[in-house]
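Asks: So for the sequence shown, my numbering puts the first residue at 1399; every next one is plus one. Glycine included, every Cβ here is placed at the ideal spot set by N, Cα and C. I am attaching a structure below and will ask some questions about it afterwards.
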Amino acid sequence: MLFKISKIVFIAGILILSTTSPVTGQNPFIKDQFTADPTARVFEGKMYVYPSHDVDCGTDWFCMKDYHVFSSDDLVNWTDHGVILHQNEVAWVDTNANAMWAPDAIEREGTYYFYFPAIADTNTGFRGRKIGVATSNTPYGPFSPEAEPMEGVDGIDPNTFIDEDGQAYLYWSGRGIWGSELNSNMLQIESEPERLDEHHPQSGLREGPFMFERNGTYYLTYPRVIENTEALVYATSDHPLGPFDYQGVFMDEHESGCWTNHHSIVHYEGQWYLFYHHNDYSPDFDKNRSIRVDSLFFNPDGSIQKVEPTFRGVGLTEATSHIQIDRYTAISDDGAHIEFLDPSSPFKGWKTMLSGDHAWVRYNSVDFGNEPPERLKVRAQSVSGGTIEIKLNSLEGPVIAEIDIPESGSWNIYETSLEIQQTAVHHLFVILKNGGPVEIDWMSFK
């Protein structure tokens, strides 16, 4: 598996920082609420992610009423800036529809423009699915909405792009993928909308366009239902409005059966990233989703390598944090699996279950820093007792710690001295040496 040690380490982990306290985690990287449709943008040297916000309305359909924005300067520590726009603040929106779906944001000349779809209240003189614009002088809002939706744009999932020559474009979906030039005020379309996917495969729903440019090639990417759920596909052109040549799939349909996927692609600190969503916290109801991030790579000819979704995500995990090994990089075929700590409260996270002979999980890219820690703590429980060992970098690597988990029916924190003290970045293998089953919540070095 590819990884690189630099300011940002790929195929690694994420620590989420809320507005009140830090929480350790990886994919999904927002841990206290349902999020979907993430648009990632780099503003002022930071990564900002603008997702939609799934909430429970007591129905069996999507329900979204407002938008948050999250930011990070290292893809490890994330800040929730709170609600930046609520449907009740937009005069033309039908607030009974709860349809504040996939948004986007972009900056021009010091103003931040936030584009969002909604269903119009017919009493306001508008009808159907429209796209609105809100503005702010900061990337984290709050945003003030325009009094009316954009004229001549009927659809959902707005996406914006500014080319090197300064021309801005708007893309959206609605019975196909559409695009148009934007006026310099960023509030109106300048040209007649053009259908961009007319010559692409037409079977299945197509929505959620996201445009980016790399080495003179324009990539039009979007979710498309191929069999049962949405895969991510792309097409390329030498112009922002095409024509676009269909290239194929770069992320397969979710094996879990999560019906939707929605994404963005961004370059940050020398690496390309794919932001997307899954239904990690709601496996039985795929209208409550959670956003993820994984590294994305290109072949020498410019084609996109297929992205395999990971729990591990991106970024380094500090050894002194609570290392959630359930967000593993790899897992043994037998005797190891993951379950919710509390199925009735999924935001409490997961636990790792080791029950088979020498069952293991691998957790990549743990940063031990410059001063070697001396001890290991593990929050665990075992109904029959067992011993786990922690090795570095491979199943044949050195054992840095071995710890007995005594027979107990409750969670406890167990501690032991390290047999080998380490600095720098290493992968961890957590292995059931004997006994078991053993359940592990987290481990931490100190």
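Could you give the DSSP three-state label for Thr-1433: helix, strand or coil?
Replies: Coil, per DSSP.
Asks: Per the contact definition of three or more C-beta pairs closer than 8 Å, is the segment 1691 to 1701 in contact with the segment 1748 to 1767?
Replies: Verdict: no, contact absent.
Asks: Sorted by chain position, which residues of the same chain lie with C-beta nearer than 6 Å to Pro-1804's C-beta, five sequence neighbours on each side aside?
Replies: So the qualifying residues of the chain are Gly-1783.
Asks: I need the straight-line Cα distance from Gly-1834 to Gly-1747, nearest angstrom please.
Replies: When rounded, the distance between both Cα atoms is 22 Å.
Asks: Which same chain residues end up closer than 7 Å to Lys-1405 when comparing Cβ atoms and leaving out the 5 residues on each side of it in sequence?
Replies: The predicted model places Lys-1405 with a pLDDT of 30, which falls under 50 and marks its position as unreliable, so this point remains unresolved.
Asks: What is the DSSP secondary structure of Pro-1638, reduced to helix, strand or coil?
Replies: In this structure, Pro-1638 counts as coil in the three-state DSSP scheme.
Asks: Do you know how far the Cα of His-1479 is from the Cα of Trp-1459?
Replies: When rounded, the distance between both Cα atoms is 27 Å.
Asks: Tell me whether Met-1841 is buried or exposed, calling it buried when 16 or more other Cβ atoms sit within 10 Å of its Cβ.
Replies: Counting Cβ neighbours within 10 Å, Met-1841 comes out buried, since at least 16 surround it.
Asks: Out of curiosity, what's the CA-to-CA distance linking Pro-1420 and Thr-1715?
Replies: Note that Pro-1420 scores 34 on pLDDT, short of 50, meaning its location in the model is unreliable and no value can be drawn from it.
Asks: Taking only runs that begin and end inside the segment 1571 to 1602, name each unbroken beta strand (DSSP E) of 3 or more residues, in chain order.
Replies: Taking only runs of at least 3 residues, the beta strand (DSSP E) segments lying wholly in the segment 1571 to 1602 are 1575 to 1579.
Asks: CB Asp-1552 to CB Gly-1526, shorter than 8 Å?
Replies: The answer is yes: Cβ separation under 8 Å.
Asks: When the Cα atoms are used, what is the spatial distance from Cys-1656 to Gly-1602?
Replies: Going by the C-alpha atoms only, they are around 15 Å apart.
Asks: Flag this pair as yes or no: are the beta carbons of Ala-1717 and Phe-1843 separated by less than 8 Å?
Replies: In this structure, Phe-1843 lies closer than 8 Å to Ala-1717 by Cβ.
Asks: Going by DSSP, what residues sit across from Ile-1624 in a beta bridge?
Replies: None, per the DSSP bridge assignment.
Asks: Candidates Arg-1506, Trp-1499 and Ser-1534: which alpha carbon is nearest Ile-1517's?
Replies: When each option's Cα is compared against that of Ile-1517, the closest is Trp-1499.
Asks: Does the distance from the CB of His-1662 to the CB of Asn-1677 come in under 8 Å?
Replies: Correcting the residue identity first, residue 1662 is Ser in this sequence and not His. No, these two residues do not count as a Cβ contact at 8 Å.
Asks: Which partner residues does Trp-1670 have in the DSSP bridge list?
Replies: For Trp-1670, which the question treats as bridged, DSSP gives the partners His-1665 and Leu-1694.
Asks: Report yes or no: do three or more beta-carbon pairs, one from the segment 1697 to 1710 and one from the segment 1810 to 1826, lie closer than 8 Å?
Replies: Too few Cβ pairs lie closer than 8 Å, so no.
Asks: Go through its chain and collect everything with a Cβ distance to Val-1647's Cβ below 6 Å, but skip five positions before and after it.
Replies: Ala-1629 and Val-1631.
Asks: Which two residues bound the contiguous beta strand (DSSP E) that contains Asp-1555?
Replies: Unbroken beta strand (DSSP E) run through Asp-1555: 1554 to 1560.
Asks: DSSP three-state call for Lys-1746: helix, strand or coil?
Replies: The answer is helix: DSSP assigns Lys-1746 an H, G or I state.
Asks: Along the chain, which unbroken stretches of the beta strand (DSSP E) at least 3 residues long are found entirely within the segment 1678 to 1724?
Replies: Listed in chain order, the complete beta strand (DSSP E) runs (minimum 3 residues) inside the segment 1678 to 1724 are 1688 to 1694.
Asks: To which residues does DSSP link Ala-1503 through a beta bridge?
Replies: Per DSSP, Phe-1512.
Asks: So, helix, strand or coil for Asn-1810, using DSSP?
Replies: Of the three classes helix, strand and coil, the one that applies to Asn-1810 here is strand, per DSSP.
Asks: Under 8 Å between the Cβ atoms of Asp-1464 and Val-1481?
Replies: Yes, Cβ-Cβ distance for Asp-1464 and Val-1481 is below 8 Å.
Asks: In whole angstroms, what separates the C-alpha of Lys-1831 from that of Gly-1711?
Replies: C-alpha separation (whole angstroms): 28 Å.
Asks: Out of Ile-1721, Asn-1686 and Lys-1429, state which residue places its alpha-carbon closest to the alpha-carbon of Phe-1468.
Replies: For the residues Ile-1721, Asn-1686 and Lys-1429, the minimum Cα distance to Phe-1468 belongs to Lys-1429.
Asks: Which of the three DSSP states, helix, strand or coil, is assigned to Gln-1424?
Replies: Coil.
Asks: Just the C-alpha distance for Pro-1599 and Lys-1775, rounded to the nearest angstrom, thanks.
Replies: So the two alpha carbons sit approximately 53 Å from each other.
Asks: Residues bridged to Val-1764 by DSSP?
Replies: Paired residues: Thr-1715 and His-1824.
Asks: Near Gln-1485, what residues of its chain come up, given a Cβ to Cβ distance below 6 Å and the 5 sequence neighbours on each side ignored?
Replies: Once the five neighbours on either side are set aside, the close Cβ partners of Gln-1485 are Lys-1463, Val-1491, Thr-1493 and Met-1498.
Asks: From this set, Gln-1645, Met-1609, Glu-1442 and Phe-1642, which residue's C-alpha is nearest Asp-1561's C-alpha?
Replies: Here the closest residue by C-alpha is Met-1609.
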